[in-house]
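K.L.:
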Amino acid sequence: SIPEPQREAWKKFAAKGFSTQEDFEREVVRHVETTLARSMFNCDETAAYAAASLAFRDRLITEWNRTQQRQTFADGKRVYYLSLEFLMGRALDNAMLNVGLKGVAKGGLADLGFRIEDIINQEHDAALGNGGLGRLAACFLDSLASLNYPAWGYGLRYRYGIFKQEIVDGYQVEVPDYWLDFNPWEFPRHDVVVDIQFYGHVRKYQDTQGKQCSSWEGGEIVKAVAYDVPIPGFDTPATNNLRLWSSKAASGEFDFQKFNSGDYESSVADQQRAETISAVLYPNDNLDRGKELRLKQQYFWVAASLYDIVRRFKKSKRAWSEFPDQVAIQLNDTHPTLAVVELQRILLDLEGLEWDEAWAIVSKTFGYTNHTVLPEALEKWSVPLFQNLLPRHLQIIYEINLYFLQSVERKFPKDRDILGRVSIIEESQPKMVRMAYLAIVGSHKVNGVAELHSDLIKTTIFKDFVKIFGPDKFTNVTNGITPRRWLHQANPRLSELIASKTGGLGFLKDLNILNDLEKYADDKEFKKEWAEIKYANKVRLAKHIKSTTSVTVNPSALFDIQVKRIHEYKRQQMNIFGVIHRYLTIKAMTPEERKKLAPRVSIFGGKAAPGYWMAKTIIHLINNVGSVVNKDPDVGDLLKVIFLEDYNVSKAEIIIPASDISEHISTAGTEASGTSNMKFVLNGGLIIGTCDGANIEITREIGENNIFLFGNLAEDVEDLRHAHTYGSHTLDPDLTKVFEEIKKGTFGDAGAFSALVGAIEEHGDYYLVSDDFHSYNQTQALVDEAYKNQDEWVSKCITSVSRMGFFSSDRCINEYAESIWNVEPLAPEKGDTSGLQK
Ligand code: GL2
Numbered sequence: 070s071i072p073e074p075q076r077e078a079w080k081k082f083a084a085k086g087f088s089t090q091e092d093f094e095r096e097v098v099r100h101v102e103t104t105l106a107r108s109m110f111n112c113d114e115t116a117a118y119a120a121a122s123l124a125f126r127d128r129l130i131t132e133w134n135r136t137q138q139r140q141t142f143a144d145g146k147r148v149y150y151l152s153l154e155f156l157m158g159r160a161l162d163n164a165m166l167n168v169g170l171k172g173v174a175k176g177g178l179a180d181l182g183f184r185i186e187d188i189i190n191q192e193h194d195a196a197l198g199n200g201g202l203g204r205l206a207a208c209f210l211d212s213l214a215s216l217n218y219p220a221w222g223y224g225l226r227y228r229y230g231i232f233k234q235e236i237v238d239g240y241q242v243e244v245p246d247y248w249l250d251f252n253p254w255e256f257p258r259h260d261v262v263v264d265i266q267f268y269g270h271v272r273k274y275q276d277t278q279g280k281q282c283s284s285w286e287g288g289e290i291v292k293a294v295a296y297d298v299p300i301p302g303f304d305t306p307a308t309n310n311l312r313l314w315s316s317k318a319a320s321g322e323f324d325f326q327k328f329n330s331g332d333y334e335s336s337v338a339d340q341q342r343a344e345t346i347s348a349v350l351y352p353n354d355n356l357d358r359g360k361e362l363r364l365k366q367q368y369f370w371v372a373a374s375l376y377d378i379v380r381r382f383k384k385s386k387r388a389w390s391e392f393p394d395q396v397a398i399q400l401n402d403t404h405p406t407l408a409v410v411e412l413q414r415i416l417l418d419l420e421g422l423e424w425d426e427a428w429a430i431v432s433k434t435f436g437y438t439n440h441t442v443l444p445e446a447l448e449k450w451s452v453p454l455f456q457n458l459l460p461r462h463l464q465i466i467y468e469i470n471l472y473f474l475q476s477v478e479r480k481f482p483k484d485r486d487i488l489g490r491v492s493i494i495e496e497s498q499p500k501m502v503r504m505a506y507l508a509i510v511g512s513h514k515v516n517g518v519a520e521l522h523s524d525l526i527k528t529t530i531f532k533d534f535v536k537i538f539g540p541d542k543f544t545n546v547t548n549g550i551t552p553r554r555w556l557h558q559a560n561p562r563l564s565e566l567i568a569s570k571t572g573g574l575g576f577l578k579d580l581n582i583l584n585d586l587e588k589y590a591d592d593k594e595f596k597k598e599w600a601e602i603k604y605a606n607k608v609r610l611a612k613h614i615k616s617t618t619s620v621t622v623n624p625s626a627l628f629d630i631q632v633k634r635i636h637e638y639k640r641q642q643m644n645i646f647g648v649i650h651r652y653l654t655i656k657a658m659t660p661e662e663r664k665k666l667a668p669r670v671s672i673f674g675g676k677a678a679p680g681y682w683m684a685k686t687i688i689h690l691i692n693n694v695g696s697v698v699n700k701d702p703d704v705g706d707l708l709k710v711i712f713l714e715d716y717n718v719s720k721a722e723i724i725i726p727a728s729d730i731s732e733h734i735s736t737a738g739t740e741a742s743g744t745s746n747m748k749f750v751l752n753g754g755l756i757i758g759t760c761d762g763a764n765i766e767i768t769r770e771i772g773e774n775n776i777f778l779f780g781n782l783a784e785d786v787e788d789l790r791h792a793h794t795y796g797s798h799t800l801d802p803d804l805t806k807v808f809e810e811i812k813k814g815t816f817g818d819a820g821a822f823s824a825l826v827g828a829i830e831e832h833g834d835y836y837l838v839s840d841d842f843h844s845y846n847q848t849q850a851l852v853d854e855a856y857k858n859q860d861e862w863v864s865k866c867i868t869s870v871s872r873m874g875f876f877s878s879d880r881c882i883n884e885y886a887e888s889i890w891n892v893e894p895l896a897p898e899k900g901d902t903s904g905l906q907k
């Protein structure tokens with residue numbers, strides 16, 4: 070660091086960033102002319118986006134530096150959020166709003182000849198995630214910064230995020246998402262590099278005191294390079310860090326000897342192999358495929374992150390026993406569970422602690438969040454694969470398991486089966502490491518993400534562990550969403566209207582202030598403005614639909630939206646079968662009857678995992694139904710079916726504010742929480758849904774009269790499935806008619822959909838589509854009726870929004886901080902500049 074006498078110069082010339090429009094314009098022009106080496110004669114929208122982003126980045130990084138210095142100086146406890154996915158979306162709009170300078174930027178850009186919307190639209194989404202789990206991590210980062218918590222996110226810097234989806238002839242086609250061409254939001258830290266080891270062997274030896282030690286030797290080394298992304302808080306100067314690791318060959322560029330001898334191909338092979346580790350995000354949502362490269366990704370990221378965390382702790386010169394007082398690490402699902410083993414290895418093999426001493430530290434440091442009960446998503450790794458890639462870690466896992474099973478045996482000496490059931494090692498062929506069990510044993514708290522889900526994990530998949538550790542280790546933290554992005558940014562007019570009635574933007578920091586709106590639920594003037602905003606949002610979406618699909622939709626029709634990953638358990642197939650049922654009903658009506666119907670636009674969006682054939686078939690059927698229905702003159706405006714290509718965060722910001730009703734219709738007990746349900750209601754849409762995940766708590770908050778619930782309950786699912794397999798399974802008659810129509814070829818080659826139909830007709834209907842179909846259609850009819858009474862409908866929407874305060878991710882993060890992490894916010898000193906200037 071710089072000696073005291075020279076620090077004056079540093080202080081004098083410290084970077085400040087802009088805060089006035091004039092300064093902003095100066096910064097933009099400077100970046101265009103120097104950083105980008107362009108001029109007013111060739112500054113297009115891409116360049117203007119780049120320059121505006123760099124101006125904001127400069128501003129963020131000065132606050133970032135201050136925040137980090139403040140945290141280091143305070144020397145308190147920090148949170149580390151380990152997640153393989155951060156679905157961030159766009160950064161510029163978010164940065165402008167969080168620092169409170171969007172007005173300044175708008176004026177400045179206009180002065181320089183640009184429209185701010187066009188500039189915002191230049192940005193490529195940072196799509197380093199699949200769906201809800203990754204977006205939750207992004208919302209958490211926003212809340213952690215906004216609430217001034219000292220917190221870092223750690224993830225992987227994938228070169229390719231989730232693929233781009235194109236629809237060609239009704240089929241999904243995947244296109245790689247190369248998003249790093251130009252990314253002004255990251256700072257490469259070429260000085261923060263960690264060597265990561267793979268393969269090799271374990272050598273046992275005695276140290277000078279005669280203690281038995283282990284050393285992991287040989288194998289290969291890959292380098293992890295840090296890239297930092299500043300995360301601005303809303304209405305606070307606090308700016309946290311998201312550190313993403315990128316892989317690089319240890320030998321530098323490539324092997325020159327091989328190159329010189331003419332073996333060019335293999336000279337670059339090592340480099341490519343190393344870079345493959347952080348090359349691509351696995352595109353599966355709620356599915357574990359057990360591929361070696363995925364395990365490599367996990368260890369690479371976890372080892373680099375822990376090295377960083379431990380290095381930071383060691384600087385404080387504290388005793389190891391104080392580690393859990395300084396460090397809280399949250400495992401976002403089981404993906405980072407190796408961190409438990411890696412920390413134990415560091416303390417044992419590198420720092421020389423005794424097993425028990427090390428284990429006490431480890432198990433106080435970690436918390437584990439479970440995000441699913443779906444069996445196909447529960448991670449397991451084959452022991453031989455582990456043995457090869459991470460031989461020392463496998464030994465440590467066996468030892469953790471041994472001590473754990475010994476303690477279980479002492480506690481339940483008469484229960485002979487329990488050991489097999491809870492063992493971290495599954496005695497299968499080959500043996501498997503059960504990551505969730507390892508995460509439970511290695512953490513001090515385990516939480517689910519909505520009440521029903523947290524109850525389910527305690528009574529089903531983790532039942533034995535509740536007996537072993539007691540119920541207090543298991544807790545619930547219901548998910549939340551950031552109102553900054555999902556209201557203020559996505560729906561600026563609604564945000565403004567709310568602000569005008571609740572005394573400013575304070576509700577964005579304390580979402581319970583929305584309560585103040587309830588008194589306007591019957592206010593004529595307010596309702597009119599509310600309805601106008603919804604209509605304008607629907608017009609915006611209708612334009613997007615027109616430009617991407619060429620289909621014209623009527624903005625006055627009821628917009629019925631289901632956007633999320635395509636998955637059998639989320640039951641988009643039930644939705645499209647319901648649409649076909651509606652189509653058949655319309656076709657059978659007289660023109661007079663048709664006049665009484667409420668026009669509807671059924672909108673779908675979402676990606677299918679590339680290897681998930683059934684999900685792709687669902688997309689295909691939706692598109693085929695659309696192409697028949699949308700051009701049927703008998704139907705006209707009464708029904709339109711739209712599949713929106715490439716659903717992602719920035720599209721969600723257009724789609725969600727435009728919904729009248731959205732569908733959250735998973736088989737009860739399968740959707741851990743869902744978070745788009747919260748986003749839709751917060752934007753003044755109603756929900757049709759099952760008693761699943763957070764739908765249940767949404768109902769509790771907003772009231773049963775404001776939500777359309779249907780279908781079987783989670784507690785009945787097992788019996789129904791059993792009955793399908795062993796009893797006689799008669800299909801719902803309306804569903805049978807839908808199937809007949811599909812088989813007739815009305816929606817294209819029937820053979821293409823035989824597996825989809827067969828799964829229900831012949832293969833047990835695991836997701837209970839037939840069981841819920843009748844109540845689904847009946848409830849849709851109630852939606853139709855309710856929508857006809859616009860006056861009451863708008864009142865319901867206002868009341869619902871006013872009661873959504875609970876679902877802020879700020880509430881959620883405060884719960885984690887209090888009940889799991891034991892960390893306190895670190896408020897910036899007075900006099901620190903903060904946002905909300907305009
Ligand atoms: C998920 C759940 O499926 C979803 O219901 C939940 O809202 C999110 C966040 O907790 O986590 N689990 C999971 O594996 N994915 C999810 O989206 N991919």
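Those letters in the sequence shown? Residues 70 to 907, by full-length UniProt numbering. Every residue, glycine too, gets a C-beta built ideally from N, C-alpha and C. It should be emphasised that the depicted structure is a prediction, and the values quoted were computed from it without experimental measurement.
1) Please identify the residue among 566, 845, 498, 377 whose C-alpha is closest to the C-alpha of residue 650.
2) List the whole-angstrom C-beta distance separating residue 105 from residue 119, where the pair is believed to meet the contact cut-off of C-beta under 8 Å.
3) Just the Cα atoms here: how many angstroms apart are residue 616 and residue 492?
4) Compute every distance between the C-beta of residue 211 and the non-hydrogen atoms of the ligand GL2, then say whether any falls below 7 Å.
5) Is the number of C-beta pairs between the stretch 781-794 and the stretch 625-636 that are closer than 8 Å three or more?
6) Note the first and the last residue of the continuous alpha helix (DSSP H) segment covering residue 644.
7) With DSSP as the reference, label residue 243 as helix, strand or coil.
8) When the distance is taken between beta carbons, is residue 750 closer than 8 Å to residue 158?
9) So, using beta-carbon positions, are residue 743 and residue 201 closer together than 8 Å?
10) Would you call the CB atoms of residue 187 and residue 94 closer than 8 Å?
11) When every heavy atom of the ligand GL2 is checked, does at least one fall within less than 7 Å of the C-beta of residue 440?
12) What three-state label does DSSP hand residue 674 in the structure shown?
13) Residue 559 and residue 722 look like a contact to me (Cβ under 8 Å); what is the Cβ gap, rounded to whole Å?
14) Taking the C-alpha atoms as reference points, what is the distance between residue 897 and residue 139?
15) Return yes when the Cβ of residue 215 is within less than 8 Å of the Cβ of residue 748, no when it is not.
16) So residue 514 and residue 889 are supposed to be a Cβ contact under 8 Å. How far apart are they, rounded?
17) Beta-carbon separation of residue 643 and residue 842 under 8 Å?
18) What's the gap between the Cα of residue 427 and the Cα of residue 393?
19) Given residue 133, which residues of its chain have a CB within under 6 Å of its CB, disregarding the five upstream and five downstream residues?
20) For residue 603, which residues in the same chain have their Cβ closer than 7 Å to its Cβ, ignoring the five residues on either side in sequence?
21) Going by CA-CA distance only, name the one from 554, 78, 377, 448 that's closest to residue 210.
22) Taking its Cβ as the centre, do 16 or more other Cβ atoms sit within 10 Å of residue 110, making it buried, or is it exposed?
23) Quick one: what's got a C-beta closer than 8 Å to residue 102's C-beta in the same chain, skipping five residues either side?
24) Provide the residue span of the alpha helix (DSSP H) that contains residue 273, from first to last.
25) Any chance the stretch 668-682 sits against the stretch 765-779, with 3 or more Cβ pairs inside 8 Å?
26) Between which two residues does the beta strand (DSSP E) holding residue 32 run?
27) Whole angstroms is fine: what's the gap from residue 241's alpha carbon to residue 581's?
28) Considering only residues of the same chain and omitting the five flanking positions on each side of residue 288, which have a CB-CB separation below 7 Å?
29) Under a three-way DSSP split, which group does residue 287 fall into?
30) How far does the beta strand (DSSP E) with residue 627 in it extend, from its first residue to its last?
31) Am I right that residue 508 and residue 406 are in contact with their C-beta atoms under 8 Å? What's the rounded C-beta distance?
32) So the alpha helix (DSSP H) residue 616 belongs to, where does it begin and stop?
33) Report the CB separation of residue 218 from residue 168 in whole angstroms; it is logged as a contact under 8 Å.
34) Is there contact between the stretch 804-813 and the stretch 822-838, where contact requires at least three CB pairs shorter than 8 Å?
35) Can you give the beta carbon distance from residue 732 to residue 847, rounded, assuming they're within the 8 Å contact cut?
36) With residue 400 as the anchor, note down where its beta strand (DSSP E) starts and where it stops.
P.N.:
In short:
1) Selection 566, 845, 498, 377 evaluated against residue 650 yields 845 as nearest (Cα-Cα).
2) Correct: roughly 6 Å between the Cβ atoms.
3) Whole-angstrom Cα-Cα distance: 55 Å.
4) Look at residue 211: its beta carbon is at least 7 Å from all of the heavy atoms in the ligand GL2.
5) Because the criterion of three Cβ pairs below 8 Å is not met, the stretch 781-794 and the stretch 625-636 do not touch.
6) From DSSP, the alpha helix (DSSP H) with residue 644 extends over 641-656.
7) In the structure shown, residue 243 falls within a strand segment according to DSSP collapsed to helix, strand and coil.
8) Between residue 158 and residue 750, the C-beta spacing is not below 8 Å.
9) Yes; because the gap between Cβ atoms is below 8 Å, this pair is in contact.
10) A distance of 8 Å or more separates the beta carbons of residue 187 and residue 94.
11) Within the cutoff, so yes.
12) Here residue 674 sits in strand by DSSP.
13) That belief holds up - the Cβ atoms of residue 559 and residue 722 are roughly 4 Å apart, short of 8 Å.
14) The alpha-carbon atoms of residue 897 and residue 139 are separated by roughly 8 Å.
15) Cβ atoms of residue 748 and residue 215: not closer than 8 Å.
16) The pair is a contact, with the Cβ atoms about 5 Å apart (cut-off 8 Å).
17) Contact flag set, yes.
18) Their Cα atoms are separated by approximately 11 Å.
19) Cβ neighbours of residue 133 beyond the five flanking positions: 299, 308.
20) Cβ neighbours of residue 603 beyond the five flanking positions: 753.
21) Of all alpha-carbon atoms in 554, 78, 377, 448, the one lying nearest the alpha-carbon of residue 210 is that of 554.
22) The residue in question, residue 110, is exposed, as its Cβ has fewer than 16 Cβ neighbours within 10 Å.
23) If we look at residue 102 and ignore the five residues flanking it on each side, its Cβ neighbours are 108.
24) Going by DSSP, residue 273 is part of no alpha helix (DSSP H) but of the beta strand (DSSP E) stretching over 270-275.
25) They do not touch, by the three-pair rule.
26) The chain is shown from 70 up to 907; residue 32 falls before or after that span and cannot be answered.
27) Each residue's alpha carbon lies about 41 Å from the other.
28) Shown here for residue 288: same chain residues with a beta carbon closer than 7 Å to its own, the five before and five after excluded, namely 266, 267, 268, 269 in chain order.
29) In this structure, DSSP gives residue 287 a state outside helix and strand, which the three-state scheme calls coil.
30) Under the DSSP assignment, residue 627 falls in the beta strand (DSSP E) whose first and last residues are 627-632.
31) The C-beta distance from residue 508 to residue 406 rounds to 4 Å, short enough to fall under 8 Å.
32) Element bounds for residue 616: 593-618.
33) 18 Å between Cβ atoms; not a contact.
34) These segments touch.
35) Cβ atoms of residue 732 and residue 847 stay farther apart than 8 Å, at about 15 Å.
36) Judged by DSSP secondary structure, residue 400 falls within the beta strand (DSSP E) whose first and last residues are 396-401.
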